[in-house]
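The sequence shown begins at 414 in the working numbering and counts up one residue at a time. Don't be surprised by glycine CBs; every beta carbon is placed ideally from N, CA and C. As the structure is a prediction and not an experimental result, all values here were calculated from the model. Everything below concerns the one structure shown next.
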Amino acid sequence: MLLFLRCCAAVAVLIWSAGRVSAAEVLPPILAMSHPEFTLVAGTITAIETDPAAIRFDIAETLRGSAKGSVRLLVDRAHLRRLSPGSKFLALYTDMVNAPLKPRKFLRDPDQARLMSFDGVPLTLFRDTPEWRALLTHPEPADWAASATYRAGLIDGLDHPDAGWRTLWAAEIALRAGHLAPFNDREQKAIQQFAMSPLQSPEARANLIQVAAANRGIFGQDWLEPTVAAVLETLASSADSTMSPAQQQLALVALRIAHEKPGHVSAETLFVWLQSSPILAETAALALRALDPKLERQGLERSLALTLLDTETRHHLELHQKRLAQTTASDMKH
414 MLLFLRCCAA VAVLIWSAGR VSAAEVLPPI LAMSHPEFTL VAGTITAIET
464 DPAAIRFDIA ETLRGSAKGS VRLLVDRAHL RRLSPGSKFL ALYTDMVNAP
514 LKPRKFLRDP DQARLMSFDG VPLTLFRDTP EWRALLTHPE PADWAASATY
564 RAGLIDGLDH PDAGWRTLWA AEIALRAGHL APFNDREQKA IQQFAMSPLQ
614 SPEARANLIQ VAAANRGIFG QDWLEPTVAA VLETLASSAD STMSPAQQQL
664 ALVALRIAHE KPGHVSAETL FVWLQSSPIL AETAALALRA LDPKLERQGL
714 ERSLALTLLD TETRHHLELH QKRLAQTTAS DMKH
């Protein structure tokens, strides 16, 4: 069975007939989802299937493409528990598959019709509201992106009641960053509030913070480091327990910025992150070194003295401490 496509933006690029983007470019989600070969329908989930993971969808209205009746849509199994029969949605799906002997050619296979995933859109299943309809059926999304209404939507979307709407617009900001005019103070504040909020998607927050760090001329200079400090302080209570992969990515992005721009995250907060997973602990150690090499050594000693410390983390910290001692001894000889 064809595996569910995670982040179909790359596929959208490959089959984009207008030739306006390169095959290596990841499209912003609104533009990616506007591909004319994708089918957009309104209707109702009538059944949930587990083998293979799929939903049965009764089509009430076709908004793009050609479809009618009932369709089986494959779906990432992780989403099944959040779906239920009777719910009304807009479904964006594709039945395009790679030709067996021509990987850059695509064919239609109705048996492989499936919902998709893009940056900022974990599943192309949306509440059937006027706002989602207008967004998904916009006739000229590329031109719209240059308009004042789109610019306003970027910021207003971060404070929308619909979590899916907020995450989509955060991805639009992240993926269009290099093409946007600098954000003003009000816009920067809205982006900062989104990036700091534990109620928002950790993945979306990580992407925004990472992009802002690489595009300070657009996102501003003053809010990023305080935001990183707040993120690490908020997540610190979970540093030595199991965090979701998205939370770990958010913490890693924040720790790397703390390493590159020291002075905003306290040593005590970084000490806590030495008790996390190996990669987070290693990055926290480097951030401590950027503050003061003495703090790095002190933090390693404190963490290794703990009775309860993850075995793998302890092993990595011991290796880090040994390398640090060797480097110090070598520096003293010279």
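Enclosing beta strand (DSSP E) for residue i [first to last residue]
i: Thr580; result: Run containing Thr580: none in the beta strand (DSSP E); it sits in the alpha helix (DSSP H), 576-589.
i: Ser650; result: Neither: Ser650 is in no beta strand (DSSP E) and is coded neither H nor E.
As assigned by DSSP and simplified to three states, the class of residue i
i: Pro554; result: helix
i: Pro595; result: coil
i: Asp471; result: strand
i: Trp545; result: helix
i: Leu520; result: strand
i: Gly456; result: strand
i: Ala512; result: strand
i: Thr655; result: coil
i: Glu600; result: helix
i: Glu462; result: strand
i: Leu476; result: strand
i: Ser435; result: Its pLDDT being 38, under 50, Ser435 is placed unreliably by the model, and nothing is read from it.
Residues bridged to residue i [DSSP beta-bridge criterion]
i: Arg540; result: Phe502
i: Val484; result: Phe470
i: Phe531; result: Val534
i: Thr640; result: Answer by DSSP bridge pairing: none, since Thr640 is not bridged.
First through last residue of the alpha helix (DSSP H) which encompasses residue i
i: Val666; result: 658-673
i: Ala561; result: 561-569
i: Leu440; result: Note, Leu440: premise wrong, no alpha helix (DSSP H); not H, not E.
i: Gly630; result: 629-632
Any C-beta of chain C under 7 Å from that of residue i
i: Lys735; result: Within the model displayed, chain C is absent; a lone protein chain is all it includes.
For residue j and residue i, believed in contact at Cβ under 8 Å, the rounded distance
i: Ala664; j: Leu708; result: Actually they are not in contact, since the Cβ atoms of Ala664 and Leu708 sit about 19 Å apart, beyond 8 Å.
i: Gly456; j: Ala504; result: 7 Å
i: Pro442; j: Phe502; result: Not confirmed; about 17 Å, so no contact.
i: Leu693; j: Leu668; result: 6 Å
i: Arg495; j: Met509; result: Not quite, the Cβ-Cβ distance comes to about 25 Å (not below 8 Å), so this is no contact.
i: Ala587; j: Leu621; result: 6 Å
i: Ala466; j: Leu493; result: 6 Å
i: Gln688; j: Pro615; result: Rounded, the Cβ-Cβ distance is 19 Å, inconsistent with contact.
i: Met529; j: Tyr563; result: Not confirmed; about 22 Å, so no contact.
**Request:** Give, in chain order, every unbroken run of the alpha helix (DSSP H) that is at least 4 residues long and sits entirely within the stretch 682-742.
**Result:** 691-704, 706-717
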